[in-house]
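Let me begin by presenting the structure, written as C-alpha cells, before commenting on it.
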Amino acid sequence: MKKIDVHAHHGKLFVANNVPPTAEALLAYMDKWEIELCVLSHTLGIFLDMVEGNRATRKLVEESDRIRGYIYFDPTKVKASIEEIERYSEVPGFVGVKTRADYHGENIDSRNSREILKVVERHRLPMLLHTFSKPIIQGACEVGKDFNIPIILAHMGGEFWRECVESARDIPNLYFDPCSSYPLADKIKETVDAVGAGRVVFGSDITLLSPGWTIGMIESADLTESERRMIYYENAKEIFDFTDIIS
Amino acid sequence: MEIVDGNVLFGYDPRSDQDFSVDRLLRLMGANGISRALAVSMRGVLYDYAEGNAETLEVARQHSEIIPVATADPRRYYRSEGVVRRCKDEGFKIFRLFNKIQDWPLEFSPFFDILEELNEEEMPLMIDAWELSSATRLSEILRDFSPPVVLTSARYMNLSEVISVCRRRPNFYVETHELAGPDAMEIVVGELGADRLIYGSMMMVNYPLSSLFLLKEAEISEEDREAIASRNILRILGDL
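Chains as they are written, first to last, in my numbering: chain A, 4 to 250; chain B, 4 to 243.
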C-alpha cells in the first residue's frame, strides 16, 4: 500500500547509523517501503544550526519532487525563526514547519513559541512537533486550541502515549504520529479506537529508524484496509493539501 | 527459514488491554511464521518468580512450540534457595532477568549472587542493557562469567557501546527487539558477525512485525539471516 511519510530526516546522526546522507539513499529506502513522498527536516538544523539546516533541506527538495521539506524553527531564536519561515514558506516544496522545542529548552506554548506560531498560522503551515514528554503534550494541547493549524504529535508523547491520546482527543487539529523505537502492541489500535483513523498519520523517523518499524506496528494492529489507507496516505494528503499528487 | 523468537512474554500484563494468553501467543506465532519462542510468564516478572517459572514450565510441557525461560527477581532472592540449580533440574536452559521492568540497578549485590549461581550451573543469561553505560557495566560485572550472555534492548542510542562490549566479550550476544535503525542489523553483522545476533520481538508487549520486517529485509546473506533467525539461539540452548 502506498504511503506518505510525514516524519523523515536527512543528514548525519550522532548514533550508530551508516545510511549515506544523500537523496539517493533516502529514495532507495522510500522505494523499498512503498513511500511515494516524504516530508523531512535536516538533522543539521535540529542539532546544530537552524539556518544551515533549512538551506540543506532546500537542496534536497530541489533534487526530487518526492521529497518535501519542513522549515525547522528554534523557539529560543524568535526573530531568526520568523525570518526562516518567511523565507521558505513561499518556496515550492516546503510544506510545513517542524520543531523539537524541548531540545532547545522551550515548550511549544511558551511566549517565544507563540510569537513564531502566529507567523506559522498566517502562512497556514502544518507543524510536526517532537512530542516526548508530558509538558510538551500539554503545551501542544494549549496551542492546538489557540492556533488554527494542523499539529502532528511526533512519537505521541513516547512512553506517555496514553496521556497524549487522552489529552488531545477532543482537539481536532491535533494528529498522532506513532513512530517510536519501542513498538508497543496497544498503541495503534487504542489510538484509532479513541480518535478514529482520520487522526493518525504515518511517520517513520527515517533515517534514524527504518520505515519497516512503524509499518510493522500498523500492519500488526487489527485495522481495516480502509483505516490503513487513511493512516498511510489519505490523512497526510489532506493535512498538507498535496493536490499535486495523483491518487 | 525457521524463526525462533528469543524474547517473548505471556500471561497477564496489567499495563495493557491486549490478550496475553498462550492461545493468542500461539496464534500470533503461527500467523507470523515463528515456529518456536523462548517465553517467560509475566507472573514471574511482575509478581512471583517461583509461581511464574512453574507456569512457564507447564505451558512448555503442553506446547512444544514454547521453550521455557526461567527468571528470578533479585529484590527478593536469597542465595541459599538454590533457584538456578532447581530451575536447571526442572529443564530450563536459559535465565532472563528483567532489570528494566523491575527497575533494579546493575550494581546490586543480590544480582551478583544470581550471577554466581548461573556461572556455577553454566546457565546462559539474558539481561537488559537499555541505558547508556549498562552494557559497559555488565561487561565489567560479568568479566569472569563464562556462559553466554544475551544483551536485550540494544537500540540506536547504545548500539556502538553494545558492539564495543561484544567485541571485548566473545560470550556476549545482541538481541534484536529494539534494533530499529534502517541498517542496524547490517552494522552488527559487519562489526561482529552474524553469529552474535539473536532474533527477538518482545511479543506480546510489542507488535511482532516491526522486528520481523527488519530481520527479513536486512541486506545480509540468507545464511546470516538464518543464523540470526534461529541457529544462534538454538546453539546457545544446546541445539534443541
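Just so it is clear, CB atoms sit at the ideal spot from N, CA and C, and this is done for glycine as well.
Ordered along the chain, which non-local residues of its own chain (more than five positions away) have a Cβ less than 7 Å from that of Cys169(B)? Start at 1 with the first residue of the second sequence, and residue 169(B) comes out as number 166. Taken in chain order, the residues that qualify are Phe175, Val177, Leu195, Arg199.
Between Gly206(A) and Leu217(B), is the Cβ-Cβ spacing less than 7 Å? Mapped onto the first sequence, residue 206(A) falls at position 203. Mapped onto the second sequence, residue 217(B) falls at position 214. No, they are not a contact pair.
DSSP beta-bridge partners of Gly99(A): Numbered from its first residue, the first sequence carries residue 99(A) at position 96. Tyr73(A), per the DSSP bridge assignment.
Give me the Cα-Cα distance between Gly48(A) and Leu63(A), rounded to the nearest whole angstrom. Against the first sequence, residue 48(A) aligns to sequence position 45. Against the first sequence, residue 63(A) aligns to sequence position 60. So the alpha carbons of these two residues sit roughly 13 Å apart.
Mind checking which residues open and close the alpha helix (DSSP H) that includes Cys167(A)? On the first sequence, position 164 is the one that residue 167(A) refers to. That run of the alpha helix (DSSP H) goes 164-171.
Just verifying my parser: in three-state terms, what is the DSSP assignment at Ile69(B)? Walking along the second sequence from the start, residue 69(B) turns up at place 66. Strand at Ile69(B).
The segment 207-234 of chain A: which residues have C-beta closer than 8 Å to a C-beta of chain B, in chain order? Ile209, Thr210, Leu211, Leu212, Ser213, Pro214, Gly215, Trp216, Thr217, Ile218, Gly219, Met220, Glu222, Ser223, Ala224
For the beta strand (DSSP E) containing Leu237(B), name the first residue and the last one. The residue labelled residue 237(B) in the question sits at position 234 within the second sequence. No beta strand (DSSP E) holds Leu237(B); the alpha helix (DSSP H) holding it covers 235-239.
Within the same chain, show all residues whose beta-carbon is closer than 8 Å to that of Arg127(A), passing over the 5 residues directly before and after it, in chain order. On the first sequence, position 124 is the one that residue 127(A) refers to. Excluding sequence neighbours, Arg127(A) sits near Ile152.
Measure the CB-CB distance between Ala221(B) and Glu189(B) and report whether it falls below 7 Å. The sequence position of residue 221(B) within the second sequence is 218, counting from 1. The sequence position of residue 189(B) within the second sequence is 186, counting from 1. Contact flag set, yes.
Any chance you could list the beta strand (DSSP E) runs of at least 3 consecutive residues sitting entirely within the segment 104-191 of chain B, in chain order? 128-131, 152-155, 175-178
Counted within 10 angstroms of its Cβ, other Cβ atoms place Arg30(B) as buried (16 or more) or exposed: Taking the first residue of the second sequence as 1, we reach residue 30(B) at position 27. Exposed: under 16 other Cβ atoms inside 10 Å.
For the alpha helix (DSSP H) that Gly219(A) lies in, which residues bound it at each end? For the purposes of this step, residue 219(A) is taken as residue 216 along the first sequence, with counting starting at 1. Looking at the DSSP string, the run of the alpha helix (DSSP H) that includes Gly219(A) is 214-223.
Taking C-alpha atoms, which residue in Asn57(A), Phe97(A), Lys5(A) lies nearest to Phe243(A)? Here residue 243(A) refers to the residue found at position 240 of the first sequence. The shortest Cα separation from Phe243(A) among Asn57(A), Phe97(A), Lys5(A) belongs to Phe97(A).
Straight-line CA distance for Leu41(B) to Ile70(A)? Taking the first residue of the second sequence as 1, we reach residue 41(B) at position 38. Taking the first residue of the first sequence as 1, we reach residue 70(A) at position 67. Leu41(B) and Ile70(A): Cα-Cα distance of roughly 42 Å.
Kindly indicate which residue of Asp149(A), Pro186(A), Gly147(A), Glu145(A) has the alpha-carbon position closest to the one of Trp164(A). Taking the first sequence and counting its residues from 1, the one referred to as residue 164(A) is at position 161. The shortest C-alpha separation from Trp164(A) is found at Pro186(A).
Cβ shell of Tyr159(B) (< 6 Å), same chain only, five flanking positions each side left out: Residue 159(B) sits at position 156 when you count from the first residue of the second sequence. The residues are Gly184.
In this structure, does DSSP put Arg228(B) in helix, strand or coil? As a working mapping, residue 228(B) is identified with position 225 in the second sequence. Helix at Arg228(B).
For the 8 Å Cβ check, are there 3 or more pairs between the segment 70-83 of chain A and the segment 96-115 of chain A? yes
Considering just the uninterrupted stretch of the alpha helix (DSSP H) at Leu2(A), what are its terminal residues? One cannot answer for residue 2(A) here, as it falls past the ends of chain A, which runs 4 to 250.
Indicate whether at least one CB of chain B lies closer than 7 Å to the CB of Ser184(A). Here residue 184(A) refers to the residue found at position 181 when the first sequence is read from its first residue. Yes, Ser184(A) lies at the interface with chain B (some Cβ there is under 7 Å from its Cβ).
7 Å Cβ cutoff, Val18(A) in contact with chain B: Taking the first sequence and counting its residues from 1, the one referred to as residue 18(A) is at position 15. Val18(A) counts as touching chain B.
So which residues on chain A does Leu215(B) lean against when the C-beta distance must stay under 8 Å? Position 212 of the second sequence holds residue 215(B). Those are Gly219, listed as they occur along chain A.
Lys6(A) (DSSP reduced to helix, strand or coil): As a first step, residue 6(A) is located in the first sequence; it is residue number 3 there, counting from the start. DSSP places Lys6(A) in strand when its eight states are reduced to three.
Please work out which residues of its chain come closer than 7 Å, Cβ to Cβ, to Pro151(B), disregarding the five sequence neighbours upstream and downstream, and give them in chain order. The count along the second sequence starts at 1 and reaches residue 151(B) at position 148. Cβ neighbours of Pro151(B) beyond the five flanking positions: Pro127, Asn174, Tyr176, Ile239.
At the 7 Å Cβ level, is Val22(A) part of the contact set with chain B, yes or no? Walking along the first sequence from the start, residue 22(A) turns up at place 19. Interface residue, yes.
Going by DSSP in three states, Ala197(B) sits in which element: helix, strand or coil? As a working note, residue 197(B) is residue 194 in the second sequence. Here Ala197(B) sits in helix by DSSP.
Can you find a CB in chain A that lies within less than 7 Å of the CB of Leu162(B)? Reading the second sequence from its first residue, position 159 is the one you call residue 162(B). Yes, Leu162(B) lies at the interface with chain A (some Cβ there is under 7 Å from its Cβ).
Would you decide whether Leu51(A) is buried or exposed? Buried here means 16 or more other CB atoms lie within 10 Å of its CB. Against the first sequence, residue 51(A) aligns to sequence position 48. Exposed, because fewer than 16 other Cβ atoms sit within 10 Å of the Cβ of Leu51(A).
Could you confirm whether any beta carbon from chain A is found closer than 7 Å to the beta carbon of Met207(B)? The residue you call residue 207(B) lines up with position 204 of the second sequence. Taking Cβ atoms only, chain A reaches closer than 7 Å to Met207(B), which makes this a yes.
Cβ of Ala171(A) less than 7 Å from any chain B Cβ? Mapped onto the first sequence, residue 171(A) falls at position 168. It does not: the Cβ of Ala171(A) has no partner Cβ on chain B nearer than 7 Å.
Please confirm whether Leu12(B) has its beta-carbon closer than 7 Å to some beta-carbon of chain A. Mapped onto the second sequence, residue 12(B) falls at position 9. So, not an interface residue.
Whole angstroms is fine: what's the gap from Lys103(B)'s alpha carbon to Lys148(A)'s? Taking the first residue of the second sequence as position 1, residue 103(B) is located at position 100. Taking the first residue of the first sequence as position 1, residue 148(A) is located at position 145. One C-alpha to the other measures close to 37 Å.
Check each residue of the segment 97-113 of chain A: if its Cβ is closer than 8 Å to any Cβ of chain B, include it; give the result in chain order. none
In whole angstroms, what is the alpha-carbon distance linking Ser112(B) and Ala75(B)? In the second sequence, counting from the first residue as 1, residue 112(B) sits at position 109. In the second sequence, counting from the first residue as 1, residue 75(B) sits at position 72. If you take the alpha carbons of Ser112(B) and Ala75(B), they lie about 14 Å apart.
At a Cβ threshold of 7 Å, is Gly184(B) touching chain A? For this step, residue 184(B) is matched to residue 181 along the second sequence. Taking Cβ atoms only, chain A reaches closer than 7 Å to Gly184(B), which makes this a yes.
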